[in-house]
Amino acid sequence: MHSKTRQEPLRRLLLTGAAGALGRVLREGLKPCAQVLRLSDIAAMAPAGAAEEVVVCDLADKQAVDRLVAGCDAIVHMGGVSVERPFEEVLEANIRGSFHLYEGARRHGVRRVVFASSNHVVGFHDTCDRLDADCARRPDGYYGLSKSFGEDLSRFYFDRYGIETACLRIGSAYPQPQDQRMLSTWMSYADLTALVQRCLAVEQLGHTIVYGASANPSAWWDNGKAEHLGFVPRDSSAQFAATAALPGFAPGSPEARYQGGSFVTRGPFETP
Ligand SMILES: NC(=O)c1ccc[n+]([C@@H]2O[C@H](COP(=O)([O-])OP(=O)(O)OC[C@H]3O[C@@H](n4cnc5c(N)ncnc54)[C@H](O)[C@@H]3O)[C@@H](O)[C@H]2O)c1
């Protein structure tokens, strides 16, 4: 059963990570969702266009994030370290950064966040496993741990303060699948945009875990517990599987066995 759709567009929507791959896609795709889009990243972004504001901000800087969040009525949080990296880098951008963002949301009355979580919160599940929103989290590295923290953080801010969040466990959002694994994890940019739009539009979001994937034939994830979003993926990796000379992992390797793929063996970054 779908929750109702809100009719009013948001006044000001904050998009973090706006200089990144998905941020640049959403900068276009979220235009209809708000009267003003506030775009932010630590990196340089294209200058502000009509109905846009551009703010360079390090998520690790608490005061700067507080100013960034002021005046917004919702946040799409894409910013942060997006691959496996040494713990200290992940700590600053993802763990401290997400905390600063939610504190800003609490202080300034922001009611809704769409949080870019990741499939790497469940990366140590076997590729034979079929997962839904209630499966155990099995992060596959510091990056996955930071996203798992973000999911707990958002749950806490919902339980305590009623700030709604959708945690998007994004699979692989790329123009097209780049390896065999992505035939299961791929999410088209159009499906990602539609999912974020639904999370902003739905009247009651609550605290929702949803997997970010297109309607792939070899899917590992079940979004049955997020049906209230009314999100129906339109694309599928099937169109690429037929022509696939896509690279794969060695049979029997940990990368082939676990859903997290190459992330399960990345690091450690410090020598003994
Ligand atoms: N692309 C995917 O398939 C995928 C899959 C799972 C999850 N995600 C998540 O979605 C989000 C966007 O992914 P992406 O592929 O666009 O990644 P990306 O690396 O291209 O973009 C992330 C952006 O965050 C910014 N950033 C990093 N540290 C920051 C800091 N301290 N302060 C402010 N900004 C900072 C970077 O400059 C970058 O522009 C990320 O949170 C990522 O973890 C993406």
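Per the working numbering, the very first residue in the sequence shown carries number 16; after that it's consecutive. Even glycine gets a Cβ: it sits at the ideal position worked out from N, Cα and C.
The Cβ-Cβ distance between G112 and G124 does not fall below 8 Å.
Remark: C-beta atoms of L183 and A131 approach each other more closely than 8 Å. Counting only unbroken stretches of 4 or more residues, the alpha helix (DSSP H) elements lying wholly within the stretch 78 to 125 are 102 to 105, 112 to 123, in sequence order.
Pairing Q22 with L28, the inter-Cα distance amounts to about 15 Å.
Under the three-state reduction of DSSP output, L41 falls in the helix class. Around the beta carbon of F246, 16 or more other beta carbons sit within 10 angstroms, so the residue counts as buried. By the C-beta density criterion, R153 is buried, having at least 16 other C-beta atoms within 10 angstroms. In the structure shown, the three-state DSSP call for F139 is coil. For the 8 Å CB-CB criterion, M202 and S233 do not form a contact. Counting C-beta pairs closer than 8 Å gives fewer than three between the stretch 156 to 176 and the stretch 206 to 213, which falls short of the contact rule. By alpha-carbon distance to G86, the top candidate from V69, A65, A120 is A120. Residue pairing by DSSP places R21 in no beta bridge whatsoever.
Residue range 204 to 216 is occupied by the alpha helix (DSSP H) that includes R213.
E68: member of the beta strand (DSSP E) spanning 67 to 71, first to last residue. Sequence-distant partners of V136 (beyond 5 residues in either direction) whose C-beta falls short of 7 Å from its own C-beta, in its chain, are R152, P154, G159, K162, S163, E166, R184.
Judged by their CB atoms, D194 and L261 are nearer to each other than the 8 Å cut-off.
Boundaries of the beta strand (DSSP E) around L52: 49 to 56. Here F264 really is in contact with G276; their C-beta atoms are around 7 Å apart, less than 8 Å.
Comparing alpha-carbon positions, the option among V40, V279, A66 lying closest to F139 turns out to be V279. Within the same chain, and ignoring the five residues on either side of R213 in sequence, the residues whose Cβ sits closer than 7 Å to its Cβ are L244, G245, F246. The criterion of a C-beta distance shorter than 8 Å is not satisfied by Q191 and W235.
Distances between the C-beta of E107 and the heavy atoms of ligand 1 include at least one below 7 Å.
The Cβ atoms of D88 and R122 do not sit closer than 8 Å to each other. Burial state of Y172 is buried, judged by a 10 Å Cβ sphere holding 16 or more other Cβ atoms. The alpha-carbon separation between G282 and A66 amounts to approximately 42 Å. Remark: the shortest separation between the CB of I178 and any heavy atom of ligand 1 does not fall under 7 Å.
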